[in-house]
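One structure below.
Residue numbers (the working numbering): 59 to 530.
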């Protein structure tokens, strides 16, 4: 690599479009990009533990192919963009760990997950698989089998989970984008704690084909990125129907990247109160208040509103997750109980003991909550709430306060994300810039299939200087 090319490829990430333009005009080669990423991983990941495998040979082969075959006549929107995936995504010739010890003895995947194929078809390069909470049943990023994933802002603190490695790798600048999954908040929680953008799309928007499941009726997949712009470009490349996922809905691709230059000031914005404005979480409330003030000053219509069934919806999500997760792991709980993280195992066992009537009731509550949200979203285009109740806790911290009672951290970092997951609404977690060392996010929620509205607000807050991922 020439010195000038080395200097350019090692500059702070300036965005996908800037990167692709430089690759296309020959400022540096894709192979040089890959070697730079490997150097960053080698230098940084020892203290963060975001990666469980780095795909040196695969990525180098792919980079050489792109360097030889690329043509300006057929531009690729992600040319030479490196990315990582949560290790519940199938990667050809790799074992799909899903954060577990048990899966380590499984046979390797015969092909890539569909979303990996879609990104690589558009020029991206997979560089590795990323750490996660065991079987995705986690909000902390702690893993007894592969080590805790640490927050790049303070390695003594949690990265959040269960897409911990995805968020930490992006926040640390090892990769600009990553893929994760979100059942109850597993993209939005680590995005908030690590200070990046993370999208949980509408349930059924993106196909989960080739991913290890957790809770079928709640599982989503989505991207994480350093900027709203990069997140939108990647999300646009991920969209499309796949019949292999029974939950995936056949809809036209609805692009969002152009929303960066098309802000609609007529959007009606609701600030969620009640459950979502618990006075015990002043930092979360301040982040939402700052967003509301900025949007009012920018000319948007902003009003306070409420979702009365939010707490009941979260309780329903807990029950549904426990029961469906326990059913999935029933055989493993009997045959290899000692190979689970004890905390994960005990939660699955609890789920297996719940009465069927409770599961039925939870689904009824879910339906009522969905109806309430649908009614509210006839009056508002987006709803704004905190992503997490607190900033990143210390690794090993077991409890936090909710309503003046000590509760389990692992289960309750998703306090604000779980109700939204329960009813499958699109939700974008946005990092709010502040002078505090540790990040905190807010989530922008919209009606089903209205991801574009989430991005419009994300882009606007970014352009106003209120939202963004700070360079570490």
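Idealized CB from N, CA, C, for every residue including glycine.
If you're wondering where the values come from, they're calculated on a predicted model, not measured in any experiment.
Which of helix, strand or coil DSSP assigns to residue i
i	result
residue 517	helix
residue 281	strand
residue 59	With a pLDDT of 48 at residue 59, under the threshold of 50, the modelled position of this residue cannot be trusted, and the question is left open.
residue 479	helix
residue 150	strand
residue 35	As shown, the chain starts at 59 and ends at 530. That puts residue 35 outside it, with no answer to give.
residue 187	strand
residue 197	coil
residue 343	helix
residue 170	coil
residue 116	helix
residue 236	strand
residue 464	strand
residue 243	coil
residue 140	strand
residue 484	coil
residue 111	strand
residue 123	helix
residue 255	strand
residue 402	helix
residue 319	helix
residue 446	coil
residue 389	helix
residue 269	strand
residue 349	helix
residue 163	helix
residue 409	helix
residue 74	helix
residue 509	helix
residue 474	coil
residue 262	coil
residue 417	helix
residue 395	helix
residue 530	coil
residue 312	coil
residue 21	The first residue shown for the chain is 59 and the last is 530, placing residue 21 beyond what the model contains.
residue 202	coil
residue 86	coil
7 Å Cβ cutoff met for residue i and residue j
i	j	result
residue 500	residue 490	yes
residue 167	residue 149	yes
residue 384	residue 409	yes
residue 296	residue 255	no
residue 92	residue 117	yes
residue 210	residue 284	no
residue 230	residue 282	no
residue 206	residue 157	no
residue 360	residue 407	no
residue 264	residue 294	no
residue 345	residue 498	yes
residue 227	residue 108	yes
residue 291	residue 74	yes
One or two residues paired with residue i in a DSSP bridge
i	result
residue 370	Residue 370 pairs with nothing; no bridge assigned.
residue 327	360, 440
residue 452	215
residue 209	212
residue 504	440
residue 499	489
residue 459	464
residue 525	490
Rounded Cβ spacing between residue i and residue j (contact assumed at less than 8 Å)
i	j	result
residue 262	residue 450	The pair is not a contact, with the Cβ atoms about 31 Å apart (cut-off 8 Å).
residue 247	residue 471	5 Å
residue 439	residue 325	4 Å
residue 365	residue 431	6 Å
residue 452	residue 215	6 Å
residue 309	residue 507	7 Å
Residue i CB to nearest heavy atom of the ligand HEM below 6 Å
i	result
residue 307	In terms of ligand content, the structure shown is empty, and the ligand HEM therefore cannot be addressed.
Could you tell me whether the segment 266 to 280 touches the segment 230 to 242, where touching means 3 or more Cβ pairs closer than 8 Å? yes
Give a yes or no on contact between the segment 126 to 142 and the segment 240 to 259, applying the rule of three or more CB pairs nearer than 8 Å. no
Per the contact definition of three or more C-beta pairs closer than 8 Å, is the segment 189 to 201 in contact with the segment 394 to 406? yes
At least three beta-carbon pairs within less than 8 Å, the segment 308 to 321 to the segment 344 to 351: no
Measuring CB atoms only, is the segment 472 to 486 touching the segment 441 to 448, in the sense that at least three cross pairs come out at less than 8 Å? yes
For the 8 Å Cβ check, are there 3 or more pairs between the segment 219 to 238 and the segment 184 to 192? yes
Are the segment 299 to 317 and the segment 420 to 428 in contact at 8 Å, needing three or more beta carbon pairs? no
Segment contact, 8 Å Cβ cut-off, at least three pairs: the segment 456 to 466 with the segment 414 to 422: no
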